[in-house]
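Asker: Once you've had a glance at the structure underneath, I'll fire off some questions.
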């Protein structure tokens, strides 16, 4: 699974129950036509005993990430930092991992300018979460 797919899956399916099919730029929206629970919008996380917070049938991204942040044991500013968001999801947040994510998302800027790239990555990840069935608060949208 791609790094973006892993991020989307960990947020939209925090208790398992389906793999997210994260769209990459230029790709048509993917829909799940199987009857096995619906990978993007379904599943209550019952397999592991948890409940995924939902708003209007969509996974509440803010609630999921706030819950993870409350259990992180360290302050992580997932709302503005791609590094902290990746740490919150227990993913490699190194520069090389972020460059790989930038490549997946077709970043055309200078990857050596990590501050600019990080801001762009965070915006793109939030956008992809919404495109893949997540309810994203207005203050996180472009």
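In the UniProt record's numbering, the protein residues as written are 1 to 142.
Built from N, CA and C at the ideal position, the CB exists for glycine as well.
The structure presented is a predicted model; accordingly, all values stated were derived computationally and were not measured.
Just curious, the alpha helix (DSSP H) that residue 60 is in, first and last residue?
Answerer: The sequence position of residue 60 within the chain shown is 60, counting from 1. Careful: residue 60 lies outside any alpha helix (DSSP H), inside the beta strand (DSSP E) at 58-60.
Asker: Give me, in chain order, the residues of the same chain whose beta-carbon lies closer than 7 Å to that of residue 78; leave out the 5 immediate sequence neighbours on both sides.
Answerer: Here residue 78 is taken as the residue at index 78 of the chain shown, counted from 1. Within the same chain, residue 78 has close Cβ partners 65, 69, 84, 85 and 88.
Asker: At 3 residues or longer, and completely inside the stretch 76-130: list those beta strand (DSSP E) runs for me, N to C.
Answerer: You should have found no qualifying run.
Asker: Would you tell me roughly how many angstroms separate the C-alpha atoms of residue 142 and residue 136, rounded to the nearest one?
Answerer: Taking the first residue of the chain shown as 1, we reach residue 142 at position 142. Taking the first residue of the chain shown as 1, we reach residue 136 at position 136. Cα to Cα, the separation comes out at about 11 Å.
Asker: Work out the CA separation of residue 91 and residue 106 for me, nearest whole Å.
Answerer: Locating residue 106 in the chain shown gives position 106, where the first residue counts as 1. Locating residue 91 in the chain shown gives position 91, where the first residue counts as 1. Looking at the two C-alpha atoms, the distance is approximately 20 Å.
Asker: State the start and end residues of the unbroken alpha helix (DSSP H) segment that holds residue 2.
Answerer: Sequence index remark: in the chain shown, residue 2 carries index 2 (1-based). No alpha helix (DSSP H) holds residue 2; DSSP gives it neither H nor E.
Asker: Report, in whole angstroms, the separation of the C-beta atoms of residue 121 and residue 98, which I expect to be a contact under 8 Å.
Answerer: Sequence index remark: in the chain shown, residue 121 carries index 121 (1-based). Sequence index remark: in the chain shown, residue 98 carries index 98 (1-based). Yes, they are in contact, since the Cβ atoms of residue 121 and residue 98 sit about 6 Å apart, within 8 Å.
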